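J.: Taken in order, these protein sequences are the chains called A and B. According to the numbering used here, the first sequence is numbered sequentially starting from 1094. According to the numbering used here, the second sequence is numbered sequentially starting from 1094. My questions all concern the structure below.
Number of protein chains: 2
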Amino acid sequence: MSTTELDLAHAASAFHALSDRTRLELVQFLMGGERCVCELQEGLGAAQSRLSFHLKTLKDAGLVTDRRDGRWVYYALDLDALGDLASLLSEVRARGAECCADDGCCS
Amino acid sequence: MSTTELDLAHAASAFHALSDRTRLELVQFLMGGERCVCELQEGLGAAQSRLSFHLKTLKDAGLVTDRRDGRWVYYALDLDALGDLASLLSEVRARGAECCADDGCCS
DNA sequence: TCAATATATCAACGGATGTTGATTAGTCAA
DNA sequence: TTGACTAATCAACATCCGTTGATATATTGA
């Protein structure tokens, strides 16, 4: 599998993780820092198994990390992964813009 | 519907549009500038109705624009939309980082 | 007007995804 | 060790999504 293959598959899975409003709400909550599942559950008013499902999706995509402390599990944003994703989009935009500038490939 | 509701729904639909490898390949092609469907079709080796479906998804999400010229329809990246999405991710990352810094909400 | 070309739309299908309620696993306190 | 608590997993279900092949629409050139 080429690097591009990997990149595309990886990016697609990250974007998929962000393509659901419940998961975006989770990300919003986690912007305020690490939270245990019970706090997220209360904040979102969502059933426990539902939260668990969405947190697993975010975790599998590498966008959040988890850490057990006693009987609680704390989730937090993976800032590097979010940064990488932001960079990817910035680069797509930049390359698209470059192409359409004077002397670019579109002119 | 609140502004946040709109924003989340809008962002979710944009991320959904980017969550499929065929559509990411389309975005890659369009980084090189405006392309007609037939060029994309050849480039990706995908059936026509399949391309049309994915281009519609990207367009509905506001990530690409289309323009008819004669019997061809040209698609191009919407650079503003891509920039907005990149900014959104950057801000999520920045706010998450801010929170975990010295004197942040996590400390 | 007719035929050819480019693209969009549709119907049908299979597979993926999200929700719910129930069960299981892990951890702690009494 | 037992009971309470937190979280993950599972099964069942409905819905959504992507693919394919067929059909419809739009534009052009003959």
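Note that CB positions come from ideal geometry on N, CA and C, so glycine has one too. These numbers were taken from a predicted model, which means no experiment stands behind them.
#1: From which residue to which residue does the beta strand (DSSP E) around Glu1140 (chain B) run?
#2: Can you tell me whether DSSP reads Cys1205 (chain A) as helix, strand or coil?
#3: Could you say if the stretch 1147 to 1156 of chain B and the stretch 1135 to 1148 of chain A meet the contact criterion of at least three C-beta pairs nearer than 8 Å?
#4: Of all the options B:Glu1191, B:Leu1101, B:Arg1143, which has the alpha carbon lying nearest to the alpha carbon of Leu1117 (chain A)?
#5: For Glu1132 (chain B), go through chain A and note every residue whose CB falls closer than 9 Å to its CB, in chain order.
#6: On the three-state DSSP scale, how would you describe Ala1187 (chain A)?
#7: Report the residue from A:Cys1131, A:Arg1164, A:Lys1152, A:Asp1196 whose alpha carbon sits nearest the alpha carbon of Leu1111 (chain A).
#8: Decide if Ala1105 (chain B) is buried, meaning its Cβ has at least 16 other Cβ atoms within 10 Å, or exposed.
#9: Could you have a look at Ala1102 (chain B) and say whether DSSP puts it in helix, strand or coil?
#10: Reducing DSSP to helix, strand and coil, say where Ala1174 (chain B) ends up.
#11: In chain B, which residues lie with their C-beta within 9 Å of the C-beta of His1109 (chain A)?
#12: Among A:Ser1183, A:Asp1196, A:Thr1150, which one has its Cα closest to the Cα of Leu1119 (chain A)?
#13: For Ala1107 (chain A), collect the residues of the same chain with a Cβ closer than 6 Å to its Cβ; drop the 5 residues on either side in sequence, then sort them by chain order.
#14: Please state if the CB of Arg1186 (chain A) and the CB of Leu1172 (chain B) are separated by a distance shorter than 8 Å.
#15: Near Val1166 (chain A), which residues of its chain fall below 8 Å by C-beta distance, leaving aside the five closest residues on each side in sequence?
#16: Assign Ala1174 (chain B) to one of two classes, buried (16 or more other C-beta atoms within 10 Å of its C-beta) or exposed (fewer than that).
#17: Among the residues of its own chain, which have a CB less than 6 Å from the CB of Glu1127 (chain A), if the five just before and after it don't count?
#18: Identify each residue in the stretch 1157 to 1186 of chain A for which the Cβ-Cβ distance to at least one residue of chain B is less than 7 Å, and report them in chain order.
T.: From the atom records:
#1: Position 47 of the second sequence, counted from the first residue, corresponds to residue 1140 (chain B). It should be noted that the sequence gives Ala, not Glu, for residue 1140 (chain B). Per DSSP, Ala1140 (chain B) lies in no beta strand (DSSP E) and is assigned neither H nor E.
#2: The structure shown has nothing for residue 1205 (chain A), since chain A only spans 1094 to 1200.
#3: Pairwise C-beta distances place the stretch 1147 to 1156 of chain B out of contact with the stretch 1135 to 1148 of chain A, as fewer than three of them are shorter than 8 Å.
#4: In the first sequence, residue 1117 (chain A) corresponds to position 24, counting from 1. Measuring from the Cα of Leu1117 (chain A), the nearest candidate turns out to be B:Leu1101.
#5: The sequence position of residue 1132 (chain B) within the second sequence is 39, counting from 1. In chain order: nothing, as chain A lies at least about 13 Å away.
#6: Looking up residue 1187 (chain A) in the first sequence gives position 94. For Ala1187 (chain A), the three-state secondary structure derived from DSSP is helix.
#7: The residue you call residue 1111 (chain A) lines up with position 18 of the first sequence. Closest option to Leu1111 (chain A), Cα to Cα, is A:Lys1152.
#8: On the second sequence, residue 1105 (chain B) is found 12 positions in, with the first residue counted as 1. With a 10 Å radius around the Cβ and a threshold of 16 neighbouring Cβ atoms, Ala1105 (chain B) comes out buried.
#9: Reading the second sequence from its first residue, position 9 is the one you call residue 1102 (chain B). Three-state result, Ala1102 (chain B): helix.
#10: Here residue 1174 (chain B) is taken as the residue at index 81 of the second sequence, counted from 1. In the three-state scheme derived from DSSP, where H, G and I count as helix and E and B as strand, Ala1174 (chain B) is classed as helix.
#11: By 1-based counting over the first sequence, the position of residue 1109 (chain A) is 16. Near His1109 (chain A) (Cβ distances below 9 Å), the residues of chain B are Phe1108, His1109, Leu1111, Ser1112, Asp1113.
#12: For the purposes of this step, residue 1119 (chain A) is identified with residue 26 of the first sequence, where counting begins at 1. Considering only alpha carbons, the answer is A:Thr1150.
#13: Locating residue 1107 (chain A) in the first sequence gives position 14, where the first residue counts as 1. A distance below 6 Å between beta-carbons, with the five flanking residues on each side excluded, links Ala1107 (chain A) to the following residues of its chain, in chain order: Ala1154, Leu1178.
#14: Along the second sequence, read from residue 1 onward, the residue named residue 1172 (chain B) stands at position 79. Along the first sequence, read from residue 1 onward, the residue named residue 1186 (chain A) stands at position 93. Yes; because the gap between Cβ atoms is below 8 Å, this pair is in contact.
#15: Within the first sequence, numbered from 1, the residue matching residue 1166 (chain A) stands at position 73. Answer for Val1166 (chain A): Cys1129, Val1130, Asp1159, Arg1160, listed in chain order.
#16: Along the second sequence, read from residue 1 onward, the residue named residue 1174 (chain B) stands at position 81. With 16 or more other Cβ atoms inside 10 Å of its own Cβ, Ala1174 (chain B) counts as buried.
#17: Residue numbering aside, residue 1127 (chain A) sits at position 34 when the first sequence is read from its first letter. Excluding sequence neighbours, Glu1127 (chain A) sits near Tyr1167, Ala1169.
#18: Residues passing the 7 Å Cβ filter: Leu1170, Leu1172, Leu1175, Gly1176, Leu1178, Ala1179, Leu1182, Ser1183, Val1185, Arg1186.
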